[in-house]
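Chains as they are written, first to last, in the working numbering: chain A, 1 to 135; chain B, 136 to 737.
Right, dumping it as structure tokens:
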């Protein structure tokens, strides 16, 4: 198992949630990018997700999408899912390109390997400060 | 410490004081002997963890995500049978056919297909509690048709549980939560005229309030660690072929010979034919005093093993050993403290080097050398010679202690030492939630065994309601918390109509750290208390306002699933809404939680 961490620009969360369902196990995966809680240096907002994945995940995620068996009621908008798939830029540390990609509004950047918070930092993202006080 | 046993028959304190060494007799279940509302989650009990919310796929190994965690507070008992005629002794009463003929064959339900489309028998299970969990079990027998089971809001629908058709007999266990009613649909899957059979259909309430996370990416991950805690700072300590061990002018032949523990897991580090240094290197931050050790065995190639840091140039520390007899052949460096060697049998030796450096060591190296002396020697290899290596360990201190196998950070084990389980929350998007808990009382006690990995951002370990900052009758436990203008290591807050909190200042319990936390809230008593590792560290006696704790879900690992993510490990979690506990009861529970939390001694 390896960990993948994904930063999805706020404008693409709807499509990305369709992709998450297409690669996932049920309608609840449509909530994967539900919290736009990170921002880049320019203030662009992102929803982030991080999870361990099996060895076959990358090839599955980069292959032509098929409607999963659980989606008998066609919950998934496969057109949107495919659009999101086209925006994904996947990077693995130690590969030929030594420079990790920075999160940007036009791509869904995914990093394979480091812990979620390490990957988010590598992408140049910071948590959006919480406006609500604890008290 | 005095440990009191709770007498489950009289449901009162027996007053029996027992030796803490036999505190394993204590069970948190006694805290709920009067059916007190609350939960008890025990990630060390694998029978309570599942990879899906329907409880069909158990968690079995470290690294798997957890979608469902069962609450043990009410004993995981089963209620009365809710299925009508699930045994099919005489007839098919109670079952509704769709495109099928229902009959009895050898006291089983036979479904014979009248159509190529959905052919089934269904039964509505109704009158359920929305926050309760129900366990469905059955036997499905393949006849001339395959079998399939659906659980959903309508007959022949399966939005909750819809596995692929099965060509083999099945006996699934499915948990259903959050429904006031649902249909069980038994399907025969095949051509017209074919049949499948079913028997022993059962639906019963499973006691407890079970925590779930339906969204795959938001699930915490199961991990294990020795009960004494993790000491080995390295990863893939028996897998030098793993990509995390960077190979410099060398290759690794995995699982080449039997290792000191008797498993076929020792590797051979083989030099290549380049004129260079030949080694493997693992990234790790390890300044200060540390000891690097590895098990080595001679491969009959007249090669030596060298331990040293990477990325800091020569002269910091190094040690070279002859694997044929384990002898030290050379060592040096300004920050070298000591070396050691120990025979462990079958030609294996455990060799180590201790250093104490202010240099920012960012990696460690295990090198193969053709020279018995000299640091970081360049030579031309022959492409076949090398050394056998196994069990690398880097740890704080001046001694190589018992070896701990580390695969990933989530999978750490030590021979002869009990492994404890935990849920790892990534601080980014992981969380779980319980069904609504209805306290009906103004007192709460929260016990948690926690490893906090970072103080960089506020993390909510548990909170009832979507925000205790807003909703009356709620509580929270944070690890850490960031009140405006300050940071607190831990924080427990309770709210009647006013939120009060007890907090441990930062610095006292700085991350990474493992602790047993206890939060006590008493609204009418105007008391909020925080205990850490058996000692009260803070209390607030200001007015909490009025009322009871109110009915809310309890969020684990975040606020409302949306913010303030906890970054760390949860070993144990008990939340009890009930009368205030005696000190001895609190101490017994703390001792129990400590026993389930790696590396904590009260």
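For glycine and all other residues, C-beta sits at the position ideal for the given N, C-alpha and C.
Just so it is clear, the structure is predicted and the values come from calculations on it, not from any experiment.
Problem - Unbroken stretches of the alpha helix (DSSP H), 4 residues or longer, contained in the segment 687–729 of chain B - result: Taken in chain order, the segment 687–729 of chain B contains no complete alpha helix (DSSP H) segment of 4 residues or longer.
Exercise for the section: Assign residue 116 (chain A) to one of three DSSP states: helix, strand, or coil. Expected result: Helix.
Practice task
Please confirm whether residue 52 (chain A) and residue 363 (chain B) have their CB atoms less than 8 Å apart.
Solution key: No.
Exercise for the section: Decide yes or no for the touch test of the segment 418–434 of chain B against the segment 482–493 of chain B: beta carbon pairs closer than 8 Å, at least 3 of them. Expected result: Using a C-beta cut-off of 8 Å, the segment 418–434 of chain B makes contact with the segment 482–493 of chain B, since at least three inter-stretch Cβ pairs fall below that distance.
Practice task
Excluding the 5 residues preceding and the 5 following residue 301 (chain B) in the sequence, name in chain order all residues of the same chain whose CB lies nearer than 8 Å to its CB.
Solution key: Answer for residue 301 (chain B): 275, 277, 281, 282 and 283, listed in chain order.
Handout entry: Pairwise C-alpha distance: residue 223 (chain B) and residue 82 (chain A)
Key = Distance between the alpha carbons of residue 82 (chain A) and residue 223 (chain B): 48 Å.
Practice task
Sort B:241, B:273, B:242 and B:247 by Cα distance to residue 232 (chain B) and report the nearest one.
Solution key: Checking every option, the nearest Cα to that of residue 232 (chain B) belongs to B:247.
Exercise for the section: Return no unless some Cβ of chain A is closer than 8 Å to the Cβ of residue 349 (chain B). Expected result: Residue-level contact check: residue 349 (chain B) touches chain A, since one or more beta carbons of chain A fall below 8 Å from its beta carbon.
Exercise for the section: In angstroms with no decimal places, state the Cα-to-Cα distance between residue 351 (chain B) and residue 479 (chain B). Expected result: The alpha-carbon atoms of residue 351 (chain B) and residue 479 (chain B) are separated by roughly 45 Å.
Handout entry: Against chain B: residues of the segment 62–94 of chain A by CB proximity under 8 Å
Key = Correct list: 69, 70, 72, 73 and 94.
Exercise for the section: Report the option in A:120, A:6, A:14 and A:25 whose CA atom is closest to the CA atom of residue 70 (chain A). Expected result: Residue A:25 is the option with its Cα nearest to residue 70 (chain A).
Practice task
Have a look at B:659, B:289, B:470 and B:178 and flag the residue whose alpha-carbon is nearest the alpha-carbon of residue 448 (chain B).
Solution key: In this structure, B:470 is the residue among B:659, B:289, B:470 and B:178 with its C-alpha nearest to the C-alpha of residue 448 (chain B).
Handout entry: Short CB-CB distance (under 8 Å) between residue 124 (chain A) and chain B
Key = Residue 124 (chain A) does not count as touching chain B.
Exercise for the section: Could you check which residue in B:269, B:392 and B:550 has the C-alpha nearest to that of residue 191 (chain B)? Expected result: Ranking the options by Cα distance to residue 191 (chain B), first place goes to B:269.
Problem - Stretch pair the segment 701–717 of chain B + the segment 577–595 of chain B: three plus CB contacts closer than 8 Å - result: The segment 701–717 of chain B vs the segment 577–595 of chain B: in contact.
Problem - Span of the beta strand (DSSP E), counted from its first residue to its last, around residue 45 (chain A) - result: Following the DSSP letters along the chain, one finds residue 45 (chain A) inside the beta strand (DSSP E) bounded by residues 45–53.
Practice task
Tell me whether the beta-carbon of residue 341 (chain B) lies closer than 8 Å to the beta-carbon of residue 211 (chain B).
Solution key: Remark: C-beta atoms of residue 341 (chain B) and residue 211 (chain B) approach each other more closely than 8 Å.
Problem - Sufficient close CB pairs (3 or more, under 8 Å) joining the segment 565–580 of chain B to the segment 545–556 of chain B - result: No: the two stretches stay apart, fewer than three of their Cβ pairs being nearer than 8 Å.
Exercise for the section: List the endpoints of the continuous beta strand (DSSP E) containing residue 231 (chain B). Expected result: Run containing residue 231 (chain B): 231–233, per the beta strand (DSSP E) assignment.
Practice task
Run down chain A in chain order and give the residues with a C-beta less than 9 Å from the C-beta of residue 461 (chain B).
Solution key: Contact of residue 461 (chain B) with chain A by beta-carbon distance below 9 Å is absent, the smallest such distance being about 34 Å.
Exercise for the section: Could you please tell me which residues of the segment 557–568 of chain B, in chain order, have their CB closer than 9 Å to any CB of chain A? Expected result: From the segment 557–568 of chain B, only 561, 562, 563, 564 and 565 have a Cβ closer than 9 Å to chain A.
Practice task
Inspect the beta-carbon positions of residue 497 (chain B) and residue 426 (chain B) and report whether they are closer than 8 Å.
Solution key: In this structure, residue 497 (chain B) keeps its C-beta atom at 8 Å or more from the C-beta atom of residue 426 (chain B).
Exercise for the section: Counting only the same chain and skipping the five closest in sequence on each side, list residues whose C-beta sits under 6 Å from that of residue 380 (chain B). Expected result: Excluding sequence neighbours, residue 380 (chain B) sits near 415 and 417.
Exercise for the section: Please work out which residues of its chain come closer than 8 Å, Cβ to Cβ, to residue 420 (chain B), disregarding the five sequence neighbours upstream and downstream, and give them in chain order. Expected result: Contacts found: 495, 496 and 497.
Practice task
May I ask you to report which of helix, strand or coil DSSP gives residue 11 (chain A)?
Solution key: Here residue 11 (chain A) sits in helix by DSSP.
Problem - Cβ neighbour criterion (16 or more within 10 Å) applied to residue 99 (chain A) - result: Residue 99 (chain A) should be labelled exposed.
Exercise for the section: Would you verify that the beta carbon of residue 99 (chain A) is, or is not, closer than 8 Å to some beta carbon of chain B? Expected result: Not closer than 8 Å to any Cβ of chain B, the Cβ of residue 99 (chain A) fails to qualify, so no.
Practice task
Find out if the Cβ-Cβ distance for the pair residue 561 (chain B), residue 702 (chain B) is shorter than 8 Å.
Solution key: Yes, the pair counts as a contact, with Cβ atoms nearer than the cut-off.
Handout entry: the segment 680–693 of chain B touching the segment 587–606 of chain B, judged by at least three CB pairs closer than 8 Å
Key = The segment 680–693 of chain B vs the segment 587–606 of chain B: in contact.
Practice task
Could you tell me which uninterrupted beta strand (DSSP E) segments, each at least 3 residues in length, are contained entirely in the segment 50–106 of chain A, listed from first to last along the chain?
Solution key: For the segment 50–106 of chain A, the continuous beta strand (DSSP E) assignments of 3+ residues that do not extend past its boundaries occur at 88–91, in sequence order.
Practice task
Report yes or no: is there a C-beta of chain A within less than 8 Å of the C-beta of residue 702 (chain B)?
Solution key: Answer yes: the Cβ-Cβ gap between residue 702 (chain B) and chain A drops below 8 Å somewhere.
Practice task
Give the DSSP-derived three-state secondary structure of residue 361 (chain B) in the structure shown.
Solution key: Residue 361 (chain B) falls in the strand class under three-state DSSP.
Practice task
For the segment 317–335 of chain B, enumerate the residues whose C-beta is nearer than 9 Å to any C-beta of chain A, in chain order.
Solution key: Those residues of the segment 317–335 of chain B that come within reach of chain A (Cβ to Cβ, closer than 9 Å) do not exist; the list is empty.
Handout entry: Cβ of residue 624 (chain B) within 8 Å of any chain A Cβ
Key = No - not a single Cβ of chain A is within 8 Å of the one on residue 624 (chain B).
Problem - Other residues of its chain near residue 267 (chain B): CB distance less than 7 Å, five sequence neighbours each side excluded - result: 340.
Problem - Inter-stretch contact (C-beta, 8 Å, three-pair minimum) for the segment 662–678 of chain B and the segment 552–567 of chain B - result: No: fewer than three Cβ pairs fall under 8 Å.
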